[in-house]
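Numbering (the numbering used here), first residue to last: 76 to 332.
Structure, rendered in structure tokens:
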């Protein structure tokens, strides 16, 4: 059973419209966390007592810190974004399964959309082999230079064409058509479905991180259930994104339900 820890805010700054980059000191989580996991953050104020699940963007086990890049989407994350260096917050984690990188691949394709981009940064740090990173955004792509600093070949797509390719990240990956042995993705469900289609064409089981809305974050409320059909099974079952995921194989997700 995971424990709640008191984390100190080391840094918190806005890096784009309604997007914040926060680093917290929480050694207990930093020593266990892996790419693709998330933590629950408790604002603990009145009606906003339910935790907010936030993906892990970076892990520094030596310093004992966790980095999160998150978007303000409601009052809870708005309260969280107002925290300053020296403030403390209750956190629970690491939660979820994360990406499986036990098998090494020569050509890795990472596809992110919107706030689904940050979880891929720690993944890119840990992957061996060639890395092709496709970043999608409405207008202002984030973390581009940090992916490049890792030696990744980075491609950018924006909905309005203000930077890079005009369109989304999956349209761009089809345009570039990189050599690919493994696919990892995080973003909205409609994007992940497009990733799954492309992966199927390539004969690859992509690892996709689902962004279903969560309430408890620990599998108790079943509010984030997703239909999964495992290979060899005759029917689908409801699995919990927060506990069984958030990462699933693209060929096992029942996309059209």
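C-beta atoms are modelled at their ideal positions from N, C-alpha and C, and glycine is treated no differently.
All values derive from a computational prediction rather than experimental measurement.
Which residues mark the beginning and the end of the beta strand (DSSP E) in which residue i is found?
i: residue 127; result: 127-130
i: residue 263; result: Premise fails: residue 263 is in no beta strand (DSSP E) and is neither H nor E.
i: residue 184; result: 182-188
For residue i, which of the options has the nearest alpha-carbon?
i: residue 149; options: 234, 260, 128, 191; result: 128
i: residue 230; options: 185, 114, 191; result: 185
i: residue 87; options: 217, 327, 159; result: 159
i: residue 213; options: 256, 235, 195; result: 235
By Cβ distance below 6 Å, which residues in the same chain neighbour residue i in space, the five residues on each side in sequence not counted?
i: residue 78; result: none
i: residue 211; result: 188, 232, 243, 244
i: residue 326; result: 280
Could you compute how far the alpha carbon of residue i sits from the alpha carbon of residue j?
i: residue 244; j: residue 232; result: 5 Å
i: residue 198; j: residue 311; result: 29 Å
i: residue 315; j: residue 299; result: 6 Å
i: residue 122; j: residue 318; result: Per-residue confidence for residue 122 stands at a pLDDT of 49, beneath the threshold of 50, marking its modelled position as unreliable; the derived number appears in the next sentence. For residue 122 and residue 318, the distance between alpha carbons rounds to 24 Å.
i: residue 204; j: residue 138; result: 26 Å
i: residue 262; j: residue 284; result: 7 Å
i: residue 320; j: residue 175; result: 11 Å
In terms of residues, what are the limits of the alpha helix (DSSP H) holding residue i?
i: residue 244; result: 244-251
i: residue 110; result: Unbroken run through residue 110: none, as it is neither H nor E.
i: residue 226; result: Here residue 226 belongs to no alpha helix (DSSP H), and DSSP marks it neither H nor E.
i: residue 77; result: First-last for residue 77: undefined, no H or E at that position.
i: residue 168; result: Element bounds for residue 168: not the alpha helix (DSSP H) but the beta strand (DSSP E), 163-170.
i: residue 333; result: The structure shown does not extend to residue 333, since the chain is modelled only from 76 to 332, so the question has no answer here.
Please list, in chain order, all residues of the same chain as residue i whose beta carbon is under 7 Å from its beta carbon, the five residues on each side excluded.
i: residue 302; result: 311, 313, 329, 332
Closer than 8 Å by C-beta to residue i: which residues in its own chain qualify, once you throw out the five before and the five after it? Chain order, please.
i: residue 182; result: 204, 205, 207, 253, 254, 255, 256, 257
For the stretch 131-148 against the stretch 90-104, do three or more pairs of beta-carbon atoms, one drawn from each stretch, fall closer than 8 Å, so that the two count as touching? yes
Stretch-stretch touch, CB-based, cutoff 8 Å, three pairs: the stretch 161-180 with the stretch 230-244: no
Touch test, the stretch 212-223 against the stretch 170-180, Cβ-Cβ under 8 Å, three pairs minimum: Output reads no: the stretch 170-180 does not touch the stretch 212-223.
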